[in-house]
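*Asks:* Protein chains in written order, with the numbering used here: chain A, 1 to 288; chain B, 1001 to 1263; chain C, 2001 to 2283.
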Amino acid sequence: MSRYLTDRLARYAVFAGAAVSFLVLLAIAVFVFRGGLPAIREIGIFDFLFGTVWRPGQGQYGILVMIVGSVAVTAGSLLLAVPLGIACAILLAEVAPSGVRQFLRQAVELLVGIPSVVYGLVGMVLLVPAIRQLGGPGYSVLAASIVLMAMVLPTIISISEDSIRSVPASYKEAALALGATHWQTIWRVLLPSARSGIIAGVVLGMGRAVGETMAMIMVIGNSITFPTSPLSPTRTLTGNIAVEITYAGGLHRSALFATGIVLFILILIINSIAVISLKRGGHAQNLA
Amino acid sequence: MGACNSAGGVKVSVRNVNLYYGSFQALRNISLDIPACAITAIIGPSGCGKSSFIRLLNRMNDIINGARVEGSILLDGINIYDKSVDVVDLRKRVGMVFQKPNPFPMSVFDNIAFGPRQHGRHNRMELQEIVERSLRQAALWDEVKDKLGQSALALSGGQQQRLCIARVLAVEPEVILMDEPCSALDPLATLKIEDLMRNLAKQYTIVIVTHNMQQAARVSDMAAFFMMEQDRAGVLVEYGPTSQLFTNPKDKRTEDYITGRFG
Amino acid sequence: MPRISPKATQRIAIACVWGGGVITVLILVVVIGYVLVQGIPGLSLNFLLTPPKGGLAGGGGISTVILSTLYLIGLTIVILVPIGLGAAVYLAEYAPDNRVTRLIRYGVEILAGVPSIVFGLFGFALFVTVLHFNFSILSGALTLVCLLLPTMIRTSEEAIKAVPYAHREAALALGATRWQVISKVLLPTALPGIVTAIILCIGRAIEETACLYVTMGGCAAMPRSLLSCGRTLSLHIYYLAMDTRDFAGAMTTGAVLIITILVINGITNWLSARFQRKMKGAT
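1. Can you pull the DSSP bridge partners for TYR2094(C)?
2. Chain B beta carbons: is any one of them nearer than 9 Å to that of GLN2180(C)?
3. Does any residue of chain C bring its CB to less than 9 Å from the CB of PHE1104(B)?
4. Which same chain residues end up closer than 6 Å to MET218(A) when comparing Cβ atoms and leaving out the 5 residues on each side of it in sequence?
5. Which chain C residues sit within Cβ distance under 7 Å of ARG1253(B)?
6. Can you find the residues in the same chain that come closer than 6 Å, C-beta to C-beta, to GLN285(A), ignoring five residues on each side of it along the sequence?
7. So is LYS2184(C) in contact with chain B if we call contact Cβ pairs under 9 Å?
8. LEU78(A) and ALA200(A) look like a contact to me (Cβ under 8 Å); what is the Cβ gap, rounded to whole Å?
9. What does TRP2018(C) reach in chain A if we use C-beta pairs closer than 7 Å?
10. Return yes when the Cβ of GLY1022(B) is within less than 9 Å of the Cβ of MET1228(B), no when it is not.
11. State whether the region 2217-2230 of chain C contacts the region 2149-2160 of chain C, with contact taken as three or more CB pairs (one from each stretch) at a distance under 8 Å.
12. Give me the Cα-Cα distance between ARG101(A) and ALA107(A), rounded to the nearest whole angstrom.
13. Take every Cβ of the region 222-242 of chain A, pair it with every Cβ of the region 2065-2084 of chain C, and state whether three or more of those distances are shorter than 8 Å.
14. Return no unless some Cβ of chain A is closer than 9 Å to the Cβ of ILE2014(C).
15. Under 9 Å between beta-carbons, which chain B residues line up against ALA2176(C)? List them in chain order, please.
16. Would LEU2091(C) count as contacting chain B if we go by Cβ distances under 9 Å?
17. Along chain A, in chain order, which residues have C-beta atoms closer than 8 Å to that of GLN2010(C)?
18. Give me whichever residues DSSP pairs with ILE186(A) in a beta bridge.
19. Report yes or no: do three or more beta-carbon pairs, one from the region 2225-2237 of chain C and one from the region 141-161 of chain A, lie closer than 8 Å?
20. Between the region 2126-2146 of chain C and chain A, which residues of the former have CB atoms less than 7 Å from a CB of the latter, in chain order?
21. For ARG1167(B) and chain C, any beta-carbon pair shorter than 9 Å?
22. Could one say the Cβ of VAL65(A) lies closer than 9 Å to chain C's Cβ atoms, at least one of them?
23. Just curious, the beta strand (DSSP E) that ARG2224(C) is in, first and last residue?
24. Mind pulling the chain C residues with CB within less than 7 Å of LEU190(A)?
25. Could you have a look at SER1107(B) and say whether DSSP puts it in helix, strand or coil?
26. For chain C, find out if any of its Cβ atoms is closer than 9 Å to the Cβ of VAL1131(B); answer yes or no.
27. Scan the region 2125-2203 of chain C and note each continuous alpha helix (DSSP H) run of 4 residues or more that stays entirely inside, going in chain order.
28. Name the residue from VAL117(A), SER116(A), GLY135(A) and TYR139(A) whose alpha carbon lies nearest to the alpha carbon of LEU127(A).
29. Do we get a CB-CB distance below 9 Å when we pair GLU2158(C) with the residues of chain B?
30. Which residues in chain B sit within 8 Å of LEU2172(C), going by Cβ to Cβ distance?
31. Opposite GLU1238(B) in the DSSP bridges: which residues?
32. If I measure Cβ to Cβ from THR1242(B) and keep anything under 8 Å in the same chain, skipping five residues before and after, which residues do I get?
33. From the DSSP output, which residues share a beta bridge with ASP1195(B)?
34. Suppose you measure from the CA of GLU1174(B) to the CA of TYR171(A); what does that come to, to the nearest Å?
35. By Cβ distance below 6 Å, which residues in the same chain neighbour THR2143(C) in space, the five residues on each side in sequence not counted?
36. Starting from the beta carbon of MET1096(B), find every residue of chain C whose beta carbon is closer than 7 Å, and list them in chain order.
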């Protein structure tokens, strides 16, 4: 009865696949933490997180500058991407005729497909010189924000569009029947109802912005200075790792792994917020 | 090719069967004997457990979480719920046609050959023979003999259902279960399938669930009337030869249903 | 009351919304357009077939880079598909609805959010160092497999779940074993969706940089085996721009990348259009 043997084997093989996937996550946690804990133990968690000086050559390992840099760049990109993204989502969900919609959707898909390095390259060649005209070296928080915006935009657009679309049609009909204009319906009824989905999309976008590395290194300058204006260069958590890992050893390398731990935890928090937000959104719609 | 030289033997014997989905009892104390080489119709209002009952006969209920069966169901004298019985083999002997035609998204040929292939037949010539025989038995051969390579989804609803019947015939069952096989079809296609059923009954034991009383009256030899009690469990109210059940029902509830006073 | 009328507000707002759409498309056009315009002039058969000059001056072609990229993607897919598909089949068909399953799903979700550079650190620690694979295509591929697992699993699982329940029932009722139902009915029917999943993963692999930066080594020589170091097209652009300032070369490589991605996108669209037609019954 070889049919039954195959059936049995298949079941084990398939479970092995699932097990491997889970093990990978465990392995990542183990290796990254293993790599980084020596540094945290040696440097001390407070000095590590809040120290303002990062000079491995002199044994100083404070990543506050990088934290601020990541925050600045993420905030900047969201500032640009959220209005733009929501506008496009409204366009796709409510305003555009179907031909334009198809076209725009394809365009957004293409936007996703372009490798981040290419954005970085164009940023280096076009954006940085342009920003230099405004002052500073050109390599700046502003440049990084613009480059990141392009990468975060598609996430915000597609999740926001889905949220707006899933608002029950009855809300829209009720509003229109009361004499509201189309825009009033969108602004006062649809967007607020879709709020938690949109927030989830923004939070997910935030996660992507925090995690982006190479494209950002190309335009941000990577100097370990606090960003005092959008035009100043700085360094982010991800950039810190990528720029120094290839030649770091010993405690230095461990400190970079520790930066990885910080990133890992940060992303976990951000993604959990997004998931909770999405769940709450569904709940609210059921109540109404 | 069921053994139908001597019609009148009992093919499937259901003894004191209770069916539970978790803590909910779906069927209570069902007992009846299904004769070989005849058509037995299961009738009754919706929700009374007719589909659940018929799925007991080929153990399709096994795939539902929390389904539990008490009692015994004997196929040719052997309890199909016995541990030694191979479910996969059982489903070869007891085939099923579903309410909504569900051909695989493959060619007509591959649909019919699916069953035999799973049971180990791979010889191309053998398969061609089986496919032609099954399609002829299902009265579909003439309509599709030039289209064997085409997608089965391109056929009409009635043709698809006959295809599903042919697909079951290809595994050479002894019993064919039909769960409201015509409810998704138009009247003309329905009549074709009813004709087909009468022909098939010469070789196979057929159990059909139907909502349509006229169909039951037209087609079946024996009829079993099911009903739902207060606690939503299904029970067998009356079982007997169709002509007798419809003209001279013994139970008042049967009479009410037949004459349309409810359901 | 000098307030703007609702109608006027609407006109302004709708104009802004359209403006948003225009800006988005403009970004796309500028980026793709600039790279293609700057890059295509340098694109020639010679460029594709000669190796990069290496060193700090830049120049040369991208032949070795293309080869490294192909090796990397090939190896990644060969390892990724069995594991990812297996996990997807397990989750879609076998997994009971209990804590262990929920844990596995949760794990996959978390994995999906981890930044690429953290995967790079992991790959550096495990494959490059502990397992002594060193900076190599193998290390890069294994790291990529980990990165891409959630995508492969999610998309494949959706494809399998999309197969109508009726097909499972029909196959079971014909006396097929569970594995036969999966291998002979579910997987073939879900195949276009699975192929889409694979192509999606290939696309992501091509554009990945951070995790490969730390595991592949970045050398520009001809890869002699899977244990040789190498660089992908995306990484090559990075190195050209940052180390050698050979922007012309970077643009041309970028053009090659963009054209490849456009082609892959086109193939995926064509495949899903064919799939739609097949499901509807036309042949």
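Glycine included, each C-beta is placed from N, C-alpha and C at the ideal position.
*Replies:* This is what the structure holds:
1. If you number the third sequence from 1, residue 2094(C) lands on position 94. Its beta-bridge partners do not exist; DSSP assigns none.
2. The residue you call residue 2180(C) lines up with position 180 of the third sequence. GLN2180(C) belongs to the set of residues whose beta carbon lies under 9 Å from a beta carbon in chain B.
3. Sequence index remark: in the second sequence, residue 1104(B) carries index 104 (1-based). PHE1104(B) counts as touching chain C.
4. Residue numbering aside, residue 218(A) sits at position 218 when the first sequence is read from its first letter. Excluding residues up to 5 positions away in sequence, GLY120 and MET124 lie with their Cβ nearer than 6 Å to the Cβ of MET218(A) in the same chain.
5. Counted from its first residue, the second sequence places residue 1253(B) at position 253. In chain order: nothing, as chain C lies at least about 32 Å away.
6. Within the first sequence, residue 285(A) is the residue found at index 285, counting from 1. Any reading at GLN285(A) must be qualified, since the residue scores a pLDDT of 38, below 50, and its modelled position is unreliable; no value is offered.
7. Mapped onto the third sequence, residue 2184(C) falls at position 184. Closer than 9 Å: yes.
8. Start at 1 with the first residue of the first sequence, and residue 78(A) comes out as number 78. Start at 1 with the first residue of the first sequence, and residue 200(A) comes out as number 200. For a cut-off of 8 Å, the C-beta gap from LEU78(A) to ALA200(A) is around 14 Å, too long to register as a contact.
9. Position 18 of the third sequence, counted from the start, is the residue given in the question as residue 2018(C). Neighbours of TRP2018(C) on chain A, chain order: LEU91.
10. Here the question's residue 1228(B) lines up with position 228 in the second sequence. Here the question's residue 1022(B) lines up with position 22 in the second sequence. Their beta carbons are not under 9 Å apart, which means MET1228(B) does not touch GLY1022(B) by this criterion.
11. With the cut-off at 8 Å, the region 2217-2230 of chain C and the region 2149-2160 of chain C do not touch.
12. Numbered from 1 along the first sequence, position 101 holds the residue referred to as residue 101(A). Numbered from 1 along the first sequence, position 107 holds the residue referred to as residue 107(A). Using only the alpha carbons, I get a separation of about 10 Å.
13. They do not touch, by the three-pair rule.
14. Numbered from its first residue, the third sequence carries residue 2014(C) at position 14. Cβ-Cβ to chain A under 9 Å: yes for ILE2014(C).
15. Counting from one through the third sequence, the residue named residue 2176(C) turns up at place 176. Those are VAL1088, ARG1091, PHE1114, GLY1115, GLN1118 and HIS1119, listed as they occur along chain B.
16. Taking the first residue of the third sequence as 1, we reach residue 2091(C) at position 91. Judged by the 9 Å Cβ criterion, LEU2091(C) is not in contact with chain B.
17. Counting from one through the third sequence, the residue named residue 2010(C) turns up at place 10. Chain order gives the chain A residues near GLN2010(C) as THR181, HIS182, TRP183 and GLN184, where near means a beta carbon separation below 8 Å.
18. As a working note, residue 186(A) is residue 186 in the first sequence. According to DSSP, ILE186(A) bridges with nothing at all.
19. The region 2225-2237 of chain C and the region 141-161 of chain A do not touch, with fewer than 3 CB-CB distances between them shorter than 8 Å.
20. Within the region 2126-2146 of chain C, the residues whose Cβ lies closer than 7 Å to some Cβ of chain A are LEU2126 and CYS2146, listed in chain order.
21. Stepping through the second sequence from its first residue, residue 1167(B) is reached at position 167. Under the Cβ distance rule, ARG1167(B) counts among the residues neighbouring chain C, one pair being separated by less than 9 Å.
22. As a first step, residue 65(A) is located in the first sequence; it is residue number 65 there, counting from the start. No, VAL65(A) lies away from the interface with chain C (no Cβ there is under 9 Å from its Cβ).
23. For the purposes of this step, residue 2224(C) is taken as the residue at position 224 of the third sequence. That residue, ARG2224(C), is in no beta strand (DSSP E); it is neither H nor E in DSSP.
24. Along the first sequence, read from residue 1 onward, the residue named residue 190(A) stands at position 190. Correct list: empty, because the minimum Cβ distance to chain C is about 12 Å.
25. In the second sequence, counting from the first residue as 1, residue 1107(B) sits at position 107. Per DSSP, reduced to three states, the secondary structure at SER1107(B) is strand.
26. As a first step, residue 1131(B) is located in the second sequence; it is residue number 131 there, counting from the start. No, its Cβ sits nowhere closer than 9 Å to a Cβ of chain C.
27. Within the region 2125-2203 of chain C, the complete alpha helix (DSSP H) runs of at least 4 residues are 2137-2161 and 2165-2173.
28. In the first sequence, the residue the question calls residue 127(A) occupies position 127. Among VAL117(A), SER116(A), GLY135(A) and TYR139(A), the Cα nearest to that of LEU127(A) belongs to TYR139(A).
29. Counted from its first residue, the third sequence places residue 2158(C) at position 158. Not a single CB atom of chain B sits nearer than 9 Å to the CB of GLU2158(C).
30. As a position in the third sequence, residue 2172(C) is number 172, starting the count at 1. Within chain B, the residues near LEU2172(C) are MET1060, ILE1063 and ARG1091.
31. Taking the second sequence and counting its residues from 1, the one referred to as residue 1238(B) is at position 238. In the DSSP output, where bridge partners are listed per residue, GLU1238(B) has PHE1225(B).
32. The residue given as residue 1242(B) occupies position 242 in the second sequence. For THR1242(B), where only same-chain residues beyond five positions count, the Cβ hits under 8 Å are ALA1041, ALA1216, ALA1217, SER1220, ASP1221, MET1222 and ALA1223.
33. Residue mapping note: residue 1195(B) aligns to position 195 of the second sequence, counting from 1. Beta-bridge pairing links ASP1195(B) to no other residue.
34. Translated into positions along the second sequence, residue 1174(B) becomes position 174. Translated into positions along the first sequence, residue 171(A) becomes position 171. One C-alpha to the other measures close to 57 Å.
35. Locating residue 2143(C) in the third sequence gives position 143, counting from the first residue. Excluding five sequence positions before and after THR2143(C), the CB atoms of its chain that fall closer than 6 Å to its own CB belong to PHE2119, GLY2123, CYS2211 and THR2215, given in chain order.
36. Translated into positions along the second sequence, residue 1096(B) becomes position 96. Around MET1096(B), the beta-carbon contacts reaching into chain C at under 7 Å are ALA2173.
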